[in-house]
Structures are given as C-alpha cells and as structure tokens.
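Numbering (our numbering), first residue to last: 11 to 547.
Where a beta carbon is used, it is the ideal one built from N, C-alpha and C, also for glycine.
Quantities reported herein were computed from a predicted structural model and do not represent experimental measurements.
Worksheet for the structure shown next.
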C-alpha cells in the first residue's frame, strides 16, 4: 500500500493540490464500496505474479535484454525460410504492416458508431470487392476469424440457401480423403454428415467414386469440399468434372482456399464453377501467422448465396434493418479488422499483374526445389508431366528400414542446418511437405536443398555401416551450443560436422536452444515450465 505522506509527496511532484487529498480519497472509497463489481465470494484471495521471473527484472534495460534473449531462441523468417507445407509462410512486408500501428486503425472500437469509422468501412468495402474479384465471386464477408471459421460460415450459407429452396433434407457433405482436417470438422459443426471420397494413387480425386456417391446421395447431397490445388500439391486435372458431377446431383461446391497462393491471377474458384470459397489472409494475403493469430478467413460467394452471409447486430442498413438474417460467426462485425490493412496494402501494392506473378513464382520455386531433390528423395505426388503445384511431398518412409531413421530425425537434423523443418507426417505419415512460397531467393532455396542433400548423404553413411543406428548424427540431432562445446564428446562424428555441416553456416549460424526431447511423450504429458505443480495445490 501507500501512505498518505507518500501520496502527498507524489502530488507535490506533479504540482497538485495536497489539501484536496483527503476529500478525494474519501469520495473514492465511498464510490468503490458502493459499486464493488466482484462479489466477495468471487474475489481472488491468492497472490498474483508470484513466478520468480516477474520479480527478476527491474529496469527497462534488463527487460529489453530478457525479451531479446527470448526472441533469439525463436527461429523466424528474419533468420531463414520456413518451408511449412500448406502454411504459405511468405514475407509479411514491413510496408504492409505499418498501417496497423496507426491509431486510426489500432485504437478504434469494433462497435464504434458508423459515422466515426467511415474511412475504415470504406477500406473494408474496397477489400471485399477486391477479394470477390480475385476469387471470381459476387460478394465477400471478412467476418470469419480463420479458415475453419470461414468453412463453417460457407457451409452454413449453403444449408440456409437450400432450406430457402425447400431442400432442408440435403445434409450430406462429400469430403476427399486428402482434405484438410478442418473440412470434415466444419461440416459436422454445420450439421452435415460426412461421406469420404477416395483418391487415386497419384493423389487425385477418384471421379468414379465421387460420381457413385454423388448419385447415391443425390436427394440428400448438400455440398462437396474441394481443395485446389490438392492437399497433395497437385493441380487436379479432373476438378472441373468433379464440380459438374456435384452440380448435376443437386449439390453446391465449397472450394477450400488453403492453396490459393498457386491460383491467384491464373484461375479462380468462381471461374471453375465453385459456389463458395474461403481465403486465408494469413497465408495467401500476407497477414503474419505469429502467436497463433489473429487470422482472417473471408468467404466469397456467388450471388445466390449472398443473402446468407453472416450478419451482426452492428451491420444494419440505412433504415436500421439488419443487412442479413443470419447470425454472426464472430463477436465483431468485421472479425479481426485490425489486420485487414495488411491485406488491403498487399493487394493494392501488387495489383492484378503482381499477384499473378506471385502465383507463378510460388509454383516455379516449388518445382525448382523438387527437381533438385528428385535424385535424392522420392517425390510422392506429381502430375503426368512430373510437375507439382506450389508444394510437394518427399517420402522418408524407406529410411526407417534401411537406416533406422525416421522423419522426426530428419526434421531435428534440419535445425542444425539453420532451418525450420517442413510440415511433417501430414498429409502422409513419415513424409515432409515443402512449400517455399514466392518470397524466397534462389540462394535460399539452394541452401535448403543443399541441407537436405547433405542429410541424405548422412543417412547413406548409416546405411553403409559408417555410422551406427544407435549413435549417429541424425538420432542425436539437434546439437546445441552447450552440447557441442562440452568437454566430453563421445560420438563417432566430429563436433564440427555436428554444428557446421555446410560452409554457409560459418557466416550465419542459428543455434537450436533445446536438444532432442521425446516429442510424443511431451504431447501426451503437457507440463508447464513454471514452479512445481504442488505450489498450486
């Protein structure tokens, strides 16, 4: 607490009226007693911020150094490419991020009166029109906060439309076995029953199976969810036929926009015949992924679905009537509106020609890497010409038999080479899926390819008996600086090879901060890095 004398000294420092202290304190105490917002039974009794870290740093200098220390433990795009397949970890340009720091965007409340947010509203309308044009649709809402929320909103719009046409019985959603996991989850949330559609050995939709199930459920068919390019990283040649099959059997087509970075400017969901699609602004349209969000998953729809876009109590016409009879999918009328200036800037800076070049470059980069790596690893899915879309999958399954090496070992070893591992064991177990995006230079692509080729040679040494299955450079990865600099070193390979396997690392080395841990055990036995659990009992 603070004494009256201390308070008086503080008031004097700021040139205040010390004689008024008693009356102000008395008035405040009376008001607080009358308006206690938290009942005594619900008021917190325990101490707060008791973790030692909250009481360790007492100056801005110390705090700055601590935060920087934490930052330096985390590999980001500032350090190296992050080739996570199906995540589109592209550049979040500083120019595009600057507007979100402006108070005109960052300090306005989502429920502010419309007359106080006319500029913001104009930007949002402008962006919605641009997104509709990009996707070949007629209308857009930016309300959904994620791609999955967009899926739910889009499927809900389909169901509402079908109900308005007297077809409430339509409750079957066809979902390919290659789909993102959110697809069947969103369908179930929208009240639909999921029927899985098979894929052929090359990862394409099995059109025979699709047609069979569409006809079987023709009277109940509500929708199909299609990702294009597919989750396997291939432009499916039968996508137009698949869309036609579903329409012929009374269903609507939902196109998952997870892979739109290979599509913008080259084609569009609307051009192909889809009825609704979503975009991932945090993928295709340059919003950062950091910290788990905020994401934006706008949905774009054809004219017949426009009346069934999400509404909100704050979204009304000039006469006060609701703009939509549908309920909201987000607490705020425009969802994560604070980051929409990023996407608006991205679209305006690039323009149609620039965004088309983005798609072409993303596809080129992926095929360049796949071509460099195909002599060293098996590429699982390609089209008839041996080409991929904007991402590709490398098969690591054979190395388990030949060298006892699993995909997790390769992912951990990539950390020693200064790279974040690609998406691991999805959509196929014991594989890695690589998506370089358009943002990376040929030099960076070559570094990553060189790292994977070098790792393949390390695996070959195990296969040939030059390193043991139990103690080798992969199963021991990653190698931290404390481990490499320790006095004792018992491994059959050198410290230098463990930490600096390629020359480029001499110039810029990102050290992993944690060595090998049992990931599966950790996933199943989550423990907070806080004081012992008994301190909470």
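request  = Whole angstroms is fine: what's the gap from residue 100's alpha carbon to residue 451's?
outcome  = 12 Å
inquiry  = Just checking residue 262 against the ligand GTP - is the residue's beta carbon closer than 8 Å to any of the ligand's heavy atoms?
reply    = With respect to small molecules bound, the structure shown includes none, and the ligand GTP cannot be examined in it.
DSSP bridge partner residues for residue 50 (one or two, in chain order) = DSSP output for residue 50 lists no bridge partner at all.
inquiry  = If contacts are defined as beta-carbon pairs under 8 Å, then residue 473 and residue 444 qualify, I think. What distance do you get, rounded to the angstrom?
reply    = Not quite, the Cβ-Cβ distance comes to about 23 Å (not below 8 Å), so this is no contact.
query = Is it right to say residue 76 is buried, meaning 16 or more other beta carbons lie within 10 angstroms of its own, or is it exposed?
reply = exposed
inquiry  = Taking 9 Å as the threshold (C-beta atoms), are residue 175 and residue 320 in contact?
reply    = no
ask   = Got a sec? Which residues, its chain only, sit under 8 Å from residue 118 by beta carbon, not counting five neighbours each side?
value = 126, 127 and 130
query = What are the boundary residues of the beta strand (DSSP E) that residue 288 is part of?
reply = 286-288
request  = Take residue 383 and list the residues in its own chain whose beta-carbon comes closer than 8 Å to its own, dropping the five residues that flank it on each side.
outcome  = 389, 404, 459, 462 and 463
Residue 28 burial status per 10 Å Cβ neighbour count (16 or more: buried) = exposed
task = Grab the span of the beta strand (DSSP E) containing residue 531 for me, first residue to last.
result = That residue, residue 531, is in no beta strand (DSSP E); its alpha helix (DSSP H) goes 529-534.
query = DSSP state of residue 152, grouped into three classes?
reply = coil
Status (buried if at least 16 other CB within 10 Å, exposed otherwise) for residue 166 = buried
key: Which of helix, strand or coil DSSP assigns to residue 481   = coil
ask   = If you drop the 5 nearest sequence neighbours on each side, which residues of the same chain put their C-beta closer than 8 Å to that of residue 207?
value = 184, 185, 186, 187, 215, 216, 219, 220, 223 and 234
task = Measure the alpha-carbon distance for residue 247 versus residue 146 and round it to whole angstroms.
result = 20 Å
query = Around the C-beta of residue 457, are 16 or more other C-beta atoms found within 10 angstroms, so that it is buried, or is it exposed?
reply = buried
Collapsed DSSP secondary structure at residue 438 in the structure displayed = coil
message = Do residue 442 and residue 415 have their beta-carbon atoms positioned less than 9 Å apart in this structure?
response = no
request  = Identify which residue in 308, 496 and 249 has its Cα closest to the Cα of residue 287.
outcome  = 308
Exposure label - residue 340; buried when at least 16 CB within 10 Å = buried
query = Can you list, in chain order, the residues of its chain whose CB lies under 7 Å from that of residue 493, leaving out five sequence neighbours each side?
reply = 525
query = Going by DSSP, what residues sit across from residue 332 in a beta bridge?
reply = 326
inquiry  = Going by DSSP, what residue range makes up the beta strand (DSSP E) through residue 262?
reply    = 262-266
ask   = With 16 as the cutoff for other CB atoms within 10 Å, does residue 10 come out buried or exposed?
value = What is shown of the chain runs 11 to 547, which leaves residue 10 out entirely.
task = Determine the contact status of residue 244 and residue 393, defining contact as a CB-CB distance below 9 Å.
result = yes
request  = Label residue 265 either buried or exposed according to how many other C-beta atoms from any shown protein chain fall within 10 Å of its C-beta, with 16 as the threshold for buried.
outcome  = buried
query = Could you give the uninterrupted runs of the alpha helix (DSSP H) lying entirely in the stretch 181-230, keeping only those of 4 residues or more?
reply = 192-199 and 217-226
request  = Would you kindly check if the distance between the Cβ of residue 149 and the Cβ of residue 315 is under 9 Å?
outcome  = yes
6 Å CB neighbourhood of residue 509 in its chain, flanking five on each side removed = 489 and 494
key: Euclidean distance between Cα positions of residue 139 and residue 227   = 36 Å
query = If you draw a straight line from the C-alpha of residue 103 to the C-alpha of residue 272, how long is it?
reply = 19 Å
message = What does the Cβ neighbour count give for residue 164, buried or exposed, with the cut at 16 atoms within 10 Å?
response = buried
ask   = If you draw a straight line from the alpha carbon of residue 242 to that of residue 294, how long is it in whole angstroms?
value = 18 Å
key: Exposure of residue 327, with buried meaning 16 or more beta-carbon neighbours within 10 Å   = exposed
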